[in-house]
Amino acid sequence: MIRLENLTKLYGSFVAVDDISLHVPRGVLYGCLGPNGAGKTTTLRMIAGILRPTQGRVLLGGDDVHVNPLSAKMRLGFIPDRPFVYDKLTGAEFLRFVAGLYGQEGDSVERRIAELLEVFELTSWKDELVEAYSHGMRQKLIISSALIHRPECIVVDEPMVGLDPKAARLLKDIFRQFVEKGGTVLMSTHTLEIAEAMCDQIAIIQHGKIIAAGTVNDVRRQHKAGDASLEELFLRLTGGAHVRELAEVLGR
Amino acid sequence: MRQPSLAHVLQPKWRTALQRLREERERGGSGKLIILALVGGAFWAGVFGVLYRILRTLRGVEELGPLIPGKILGLILLSFISILVLSNVITALSSFFLAKDLDLLVSAPVDWLRLYLAKLGETLLHSSWMVALMAVPILTAYGVVYQGGVLFAVYALLAIVPMLILPAVVGCAVTLVLVNIFPARRTRDLLSIIALGAAGGVILLFRVIRPEQLARPEGFRNLLDFVILLRGPTSPFLPSEWASQAIMGYLRNELDPFPLVMLWSTAAAFVTLGALLHRALYPQGFTKAQEGAERFIRGGLWRWTVGSLLGWLPVAKREFVLKDIKLFFRDTTQWSQLILLAVLVVVYLFNIQALPLHRGEPVGFFYVNLVSFLNLGLAGFVLASIAARFIFPAVSLEGRQMWLLRSSPLDLRALLWSKYWVGTLPLLVLGLILTGLTNALLEVTAFMMILSLATMAGLTLAISALALTFGTLYPQFETENAAQIPTSFGGLVFMMATIALLAGVLMILAQAVYTYVRSAWEGQPLGVTPAMIGLFVVAAAVCAAATFIPLRMALRKMESFEF
Chain B
39 MIRLENLTKL
49 YGSFVAVDDI
59 SLHVPRGVLY
69 GCLGPNGAGK
79 TTTLRMIAGI
89 LRPTQGRVLL
99 GGDDVHVNPL
109 SAKMRLGFIP
119 DRPFVYDKLT
129 GAEFLRFVAG
139 LYGQEGDSVE
149 RRIAELLEVF
159 ELTSWKDELV
169 EAYSHGMRQK
179 LIISSALIHR
189 PECIVVDEPM
199 VGLDPKAARL
209 LKDIFRQFVE
219 KGGTVLMSTH
229 TLEIAEAMCD
239 QIAIIQHGKI
249 IAAGTVNDVR
259 RQHKAGDASL
269 EELFLRLTGG
279 AHVRELAEVL
289 GR
Chain Y
89 MRQPSLAHVL
99 QPKWRTALQR
109 LREERERGGS
119 GKLIILALVG
129 GAFWAGVFGV
139 LYRILRTLRG
149 VEELGPLIPG
159 KILGLILLSF
169 ISILVLSNVI
179 TALSSFFLAK
189 DLDLLVSAPV
199 DWLRLYLAKL
209 GETLLHSSWM
219 VALMAVPILT
229 AYGVVYQGGV
239 LFAVYALLAI
249 VPMLILPAVV
259 GCAVTLVLVN
269 IFPARRTRDL
279 LSIIALGAAG
289 GVILLFRVIR
299 PEQLARPEGF
309 RNLLDFVILL
319 RGPTSPFLPS
329 EWASQAIMGY
339 LRNELDPFPL
349 VMLWSTAAAF
359 VTLGALLHRA
369 LYPQGFTKAQ
379 EGAERFIRGG
389 LWRWTVGSLL
399 GWLPVAKREF
409 VLKDIKLFFR
419 DTTQWSQLIL
429 LAVLVVVYLF
439 NIQALPLHRG
449 EPVGFFYVNL
459 VSFLNLGLAG
469 FVLASIAARF
479 IFPAVSLEGR
489 QMWLLRSSPL
499 DLRALLWSKY
509 WVGTLPLLVL
519 GLILTGLTNA
529 LLEVTAFMMI
539 LSLATMAGLT
549 LAISALALTF
559 GTLYPQFETE
569 NAAQIPTSFG
579 GLVFMMATIA
589 LLAGVLMILA
599 QAVYTYVRSA
609 WEGQPLGVTP
619 AMIGLFVVAA
629 AVCAAATFIP
639 LRMALRKMES
649 FEF
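Quick note, the sequences are listed as chains B and Y, same order.
Note that the working numbering has the first sequence beginning at 39, numbered continuously upward.
Note that the working numbering has the second sequence beginning at 89, numbered continuously upward.
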């Protein structure tokens with residue numbers, strides 16, 4: 039469903055993403071892990087068509103995001119890490135606007151809006167301007183907007199940031215059901231417990247390259263990690279010594 | 089604890105400005121800077137040239153000659169002061185209460201005085217740089233005509249700087265008081281009140297100084313009355329008058345330190361009082377400003393009215409237009425500017441009406457046509473200023489939401505189309521009304537009326553396209569206040585490009601109008617010759633090119649945006 043071919047992104051001379059190739063099949067919840075600045079968000083934004091790759095291409099359901107952007111993006115729901123929405127629209131107006139961007143309108147959209155607002159407990163806020171929403175409520179609204187047009191795949195950057203435990207649990211359930219029905223989710227996260235619990239497959243990215251990929255067990259086997267937890271595995275692959283040094287510095 | 093220096097507190101601001109300059113240079117190479125310098129130089133030279141000629145002519149006039157330049161300078165500086173107070177009030181709201189760096193500064197152990205001075209400096213710079221730049225060719229013209237020498241530059245700077253500081257202090261204090269008076273959760277709506285106040289202020293100012301008197305010396309009983317008006321200060325308690333007195337005193341070799349002392353001592357006293365007011369009121373005001381707005385909106389009014397009217401549009405375009413209209417009317421920083429716009433239009437029409445063209449004596453056909461024709465340039469300039477306020481920021485305001493637009497299947501042409509027409513249609517209506525009304529007041533012929541309306545339509549379409557394009561080429565995605573976007577580098581380039589367009593189109597049409605007026609003058613039959621038609625076609629082609637080429641550039645730029 040999502041295919042990255044030799045994807046590279048340069049910012050001047052800085053290599054943010056370095057020749058990444060990846061295939062996320064239908065019906066899979068795929069996690070992108072990596073330390074800060076590893077290139078996860080850049081990769082996700084290239085998949086969403088927000089950034090143009092310096093080299094390589096992104097295919098969504100066979101359509102190149104930068105060659106056939108409209109048909110590729112029709113399949114996609116994107117949830118960014120920072121919930122920037124129009125402050126002067128109400129929640130319902132924002133969802134109606136997003137549906138319009140996907141060419142959808144009418145009663146079916148109104149029903150879908152009501153349904154999503156209900157699920158995310160925003161019904162009583164639907165006529166309130168977004169500027170009055172909390173960070174978590176904005177995040178819920180953006181998640182609703184990514185689901186409004188019934189996408190085939192969802193690309194989500196740090197989905198749990200700002201969500202209360204109840205909403206986080208709800209989102210996990212939604213993603214799980216979405217994948218079980220044949221949808222595809224590609225998410226980046228720092229929360230290794232979430233990745234371990236939710237993801238069918240993972241890729242660990244560092245310095246713009248994939249340094250390990252597969253199921254968690256595959257990665258353990260590849261790196262002879264025995265039954266190490268994902269956290270231990272992650273720290274080993276991405277330089278855990280730094281964490282210990284940091285702990286020592288802070289403990290002084 | 090040792091307090092950080094003021095320069096340290098301001099460090100992120102000047103570092104950001106330097107970095108922006110560096111990025112601009114890297115992106116556009118030195119060519120862009122050279123173009124800017126050339127266009128800016130030409131603009132300065134134009135202002136300088138016009139004023140130089142006026143001042144030179146006036147110097148030769150006996151009795152009135154020495155008085156009028158001082159009066160003109162007083163009026164110019166007074167208009168500067170009024171613009172500055174308004175601009176400072178608006179800027180202070182964002183720099184003191186809404187800026188993103190405030191959380192960091194307020195939570196850090198930075199004392200109140202440093203915070204005040206840093207934010208005052210920021211407000212002063214943001215709201216005064218354009219006025220300061222505008223003052224350069226004006227004061228240069230005075231310096232050259234009166235042979236003020238190099239030292240005049242230093243003296244003028246000494247007079248102008250406190251004149252800029254005072255409105256900044258007053259603007260910040262007014263904002264501070266208003267934020268405290270307004271109920272919490274409504275502070276962000278302050279701008280509507282400010283705009284209303286400013287509108288009243290402009291009208292009041294206009295009635296107090298009555299500039300039209302200067303254009304009608306015959307309205308005075310005798311020359312003495314006119315001289316008395318000229319000798320008298322326009323507004324003796326305003327710093328503009330002190331600055332004007334200081335500058336004219338120096339230029340007439342009647343050096344009197346009193347106005348300068350007044351300027352600097354008042355500025356120092358105002359800064360002190362402003363700081364004390366800040367200490368007393370800022371913490372409470374800041375807290376109030378942080379509370380989110382409470383706005384519950386049920387109505388589907390827009391959907392039923394505008395939405396129904398736009399029913400023929402594809403859904404994406406329709407939703408986009410609806411969204412833009414709603415955002416505009418719900419954002420006080422945007423719609424409140426309409427009040428100012430209305431005042432501007434009234435003042436504009438009043439000026440045209442006050443022109444001494446139709447007062448009993450035989451109407452000068454030549455002058456009426458000349459004024460009507462030049463009015464096209466002036467109205468074009470007014471429209472350009474409005475486009476700079478409302479259309480130029482359109483793409484920048486999408487910045488934070490661009491993730492949504494770029495990740496959705498929205499065709500960027502639809503986005504550009506919506507932005508263009510949402511801005512252009514009201515501008516077109518305004519442009520045609522403004523031109524039609526002024527021409528009706530001037531009682532022009534049908535030829536001039538049609539020519540003016542057609543030219544205004546062509547110019548408006550081009551001005552909107554230029555505004556949207558320059559706003560796209562020089563986006564300000566991080567700006568917190570929409571009102572600040574037009575005062576950026578790109579805004580300046582847009583205004584200069586528009587002035588060039590206006591000059592170009594008017595120069596092409598001038599020949600046609602000249603042929604027409606000459607025929608009337610010589611008593612020949614009035615008609616449209618093939619040569620005139622050729623000129624109209626060229627002018628239309630220039631407007632069309634200035635519409636389509638920039639829009640294509642904007643689309644290409646938008647496709648390359650990365651977030």
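Even glycine gets a Cβ: it sits at the ideal position worked out from N, Cα and C.
Owing to the predicted nature of the structure, the values given are computational and were not obtained by experimental measurement.
| Item | Value |
| --- | --- |
| With DSSP collapsed to three states, give me the class of asparagine 74 of chain B. | coil |
| Could you give the residue range of the alpha helix (DSSP H) that holds phenylalanine 636 of chain Y? | 618 to 647 |
| What are the boundary residues of the beta strand (DSSP E) that threonine 227 of chain B is part of? | Per DSSP, threonine 227 of chain B belongs to no beta strand (DSSP E) and is neither H nor E. |
| Using C-beta distances below 7 Å, list every residue in its chain close to leucine 143 of chain Y, excluding the 5 sequence neighbours before and after it, in chain order. | Pro157, Ala229, Tyr230, Val233 |
| Taking Cβ to Cβ, would you say alanine 467 of chain Y is nearer than 9 Å to threonine 526 of chain Y? | yes |
| Taking C-beta pairs closer than 8 Å, name the residues in chain Y that isoleucine 88 of chain B reaches, listed in chain order. | Met490, Trp491, Arg494, Ser495, Glu650, Phe651 |
| Please specify which runs of the alpha helix (DSSP H), each continuous and at least 4 residues long, are wholly inside the segment 122 to 189 of chain Y, giving them in chain order. | 155 to 180 |
| Buried or exposed: where does alanine 180 of chain Y fall if 16 or more other Cβ atoms within 10 Å of its Cβ makes it buried? | buried |
| With distances taken from CA atoms, which of Y:Thr586, Y:Ser167, Y:Leu397, Y:Leu208 is nearest alanine 223 of chain Y? | Y:Ser167 |
| State the DSSP-derived secondary structure class of leucine 351 of chain Y, mapped to helix, strand or coil. | helix |
| Considering cysteine 260 of chain Y, what are the terminal residues of the alpha helix (DSSP H) in which it resides? | 238 to 269 |
| Determine the burial state of tryptophan 102 of chain Y: buried for a count of at least 16 other Cβ atoms within 10 Å of its Cβ, exposed for fewer. | exposed |
| The beta strand (DSSP E) spanning valine 62 of chain B covers which residue range? | 52 to 62 |
| Would you mind reading off the limits of the alpha helix (DSSP H) that contains glutamate 159 of chain B? | Here glutamate 159 of chain B belongs to no alpha helix (DSSP H), and DSSP marks it neither H nor E. |
| For a test of the three-state rule: what should DSSP assign to valine 532 of chain Y, helix, strand or coil? | coil |
| What is the DSSP secondary structure of tyrosine 604 of chain Y, reduced to helix, strand or coil? | helix |
| Can you tell me the Cβ-Cβ gap for aspartate 195 of chain B and aspartate 125 of chain B, rounded? I've got them flagged as a contact below 8 Å. | 21 Å between Cβ atoms; not a contact. |
| Let me see if you follow: with CB-CB separation under 9 Å, is phenylalanine 116 of chain B close to chain Y or not? | yes |
| According to DSSP, is alanine 251 of chain B helix, strand or coil? | strand |
| Tell me the rounded alpha-carbon separation between threonine 635 of chain Y and leucine 208 of chain B. | 50 Å |
| Is it buried or exposed, proline 450 of chain Y, if we count other Cβ atoms within 10 angstroms and call 16 or more buried? | With a pLDDT of 47 at proline 450 of chain Y, under the threshold of 50, the modelled position of this residue cannot be trusted, and the question is left open. |
| Can you find a C-beta in chain Y that's less than 9 Å from the C-beta of glutamine 177 of chain B? | no |
| Answer yes or no: does any C-beta atom of chain B fall closer than 9 Å to that of glutamate 566 of chain Y? | no |
| Check the DSSP bridge columns for lysine 219 of chain B and list the partner residues they point to. | DSSP lists no partner for lysine 219 of chain B. |
| Name the chain B residues whose beta carbon is nearer than 8 Å to that of leucine 415 of chain Y? | Tyr124, Lys126, Leu127 |
| With distances taken Cα to Cα, identify the nearest neighbour of valine 242 of chain Y among Y:Arg147, Y:Val198, Y:Leu339, Y:Ile164. | Y:Leu339 |
| Give the range of the beta strand (DSSP E) segment to which leucine 178 of chain B is assigned. | The sequence as given places lysine at residue 178 of chain B; leucine does not occur at that position. That residue, lysine 178 of chain B, is in no beta strand (DSSP E); its alpha helix (DSSP H) goes 173 to 185. |
| Between the Cα of glutamine 142 of chain B and the Cα atoms of Y:Leu124, Y:Thr211, Y:Gly615, Y:Pro497, which residue gives the shortest distance? | Y:Pro497 |
| In chain Y, which residues lie with their C-beta within 7 Å of the C-beta of tyrosine 140 of chain B? | Ser496, Pro497 |
| Assuming isoleucine 226 of chain Y is part of the alpha helix (DSSP H), what are its boundary residues? | 200 to 233 |
| Determine the DSSP secondary structure at lysine 126 of chain B, reduced to helix, strand or coil. | coil |
| Could you have a look at phenylalanine 116 of chain B and say whether DSSP puts it in helix, strand or coil? | strand |
| Over what stretch of residues does the alpha helix (DSSP H) that includes valine 403 of chain Y continue unbroken? | 403 to 418 |
| Can you give me the start and stop residues for the alpha helix (DSSP H) that isoleucine 192 of chain B sits inside? | It is not in any alpha helix (DSSP H) - isoleucine 192 of chain B instead sits in the beta strand (DSSP E) that spans 191 to 195. |
| Assign asparagine 457 of chain Y to buried or exposed, taking buried as 16 or more other Cβ atoms, counted over all protein chains shown, within 10 Å of its Cβ. | buried |
| Inspect the beta-carbon positions of alanine 357 of chain Y and proline 347 of chain Y and report whether they are closer than 9 Å. | no |
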